[in-house]
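Student: According to UniProt numbering, the sequence shown is numbered sequentially starting from 1. Heads up, the beta-carbon is just placed ideally off N, CA and C, and yes, glycines get one too. Note that the coordinates shown come from a computational prediction; the quantities given were computed from them, not determined experimentally.
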Amino acid sequence: MTTSFLADTFQTPTPSVSSSTSTETTPTREPVKVVIFGSKTGVNSTILTLYKLGFAQVNEWSPLLPSSNPGEVMSILTRYILTN
Numbered sequence: 001m002t003t004s005f006l007a008d009t010f011q012t013p014t015p016s017v018s019s020s021t022s023t024e025t026t027p028t029r030e031p032v033k034v035v036i037f038g039s040k041t042g043v044n045s046t047i048l049t050l051y052k053l054g055f056a057q058v059n060e061w062s063p064l065l066p067s068s069n070p071g072e073v074m075s076i077l078t079r080y081i082l083t084n
């Protein structure tokens with residue numbers, strides 16, 4: 001005899017719908033850019049470290065781009081934060 005312990009623990013919430021007009025404003029999104037400068041190895045290593053920390057996926061960063069300093073590259077991550 002098998003018993004499902006999960007069936008009784010989860011309840012499906014009933015969505016509430018309001019018929020009144022809402023005066024709430026739609027949140028706006030502001031772009032925030034994070035830039036890493038350094039050697040190719042240093043930039044790639046930092047991107048992997050930030051991925052391991054849960055900060056950003058590796059594919060969210062731009063490809064390595066040359067910087068204005070010889071032998072230096074950069075990568076850019078753009079995040080959008082909610083502002084009111």
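Span of the alpha helix (DSSP H) holding residue 50?
Tutor: By one-based count along the sequence shown, residue 50 stands at place 50. Its alpha helix (DSSP H) spans residues 40-52.
Student: Once DSSP output is grouped into helix, strand and coil, what is the label at residue 72?
Tutor: Sequence index remark: in the sequence shown, residue 72 carries index 72 (1-based). It is coil, neither helix nor strand.
Student: Assuming contact is defined by CB atoms lying nearer than 7 Å, are residue 31 and residue 78 in contact in what I supplied?
Tutor: Counting from one through the sequence shown, the residue named residue 31 turns up at place 31. Counting from one through the sequence shown, the residue named residue 78 turns up at place 78. Result yes, Cβ atoms of residue 31 and residue 78 sit closer than 7 Å.
Student: State the Cα-Cα distance for the pair residue 50 and residue 61, rounded to the nearest angstrom.
Tutor: To locate residue 50, count along the sequence shown from 1; it is residue 50. To locate residue 61, count along the sequence shown from 1; it is residue 61. About 11 Å.
Student: With 7 Å as the threshold, decide whether the Cβ of residue 74 is near any Cβ in chain D.
Tutor: Any reference to chain D falls outside this structure, which holds one protein chain only.
Student: Do the CB positions of residue 76 and residue 33 come within less than 7 Å of each other?
Tutor: Your numbering for residue 76 matches position 76 in the sequence shown. Your numbering for residue 33 matches position 33 in the sequence shown. Yes. Within cutoff.
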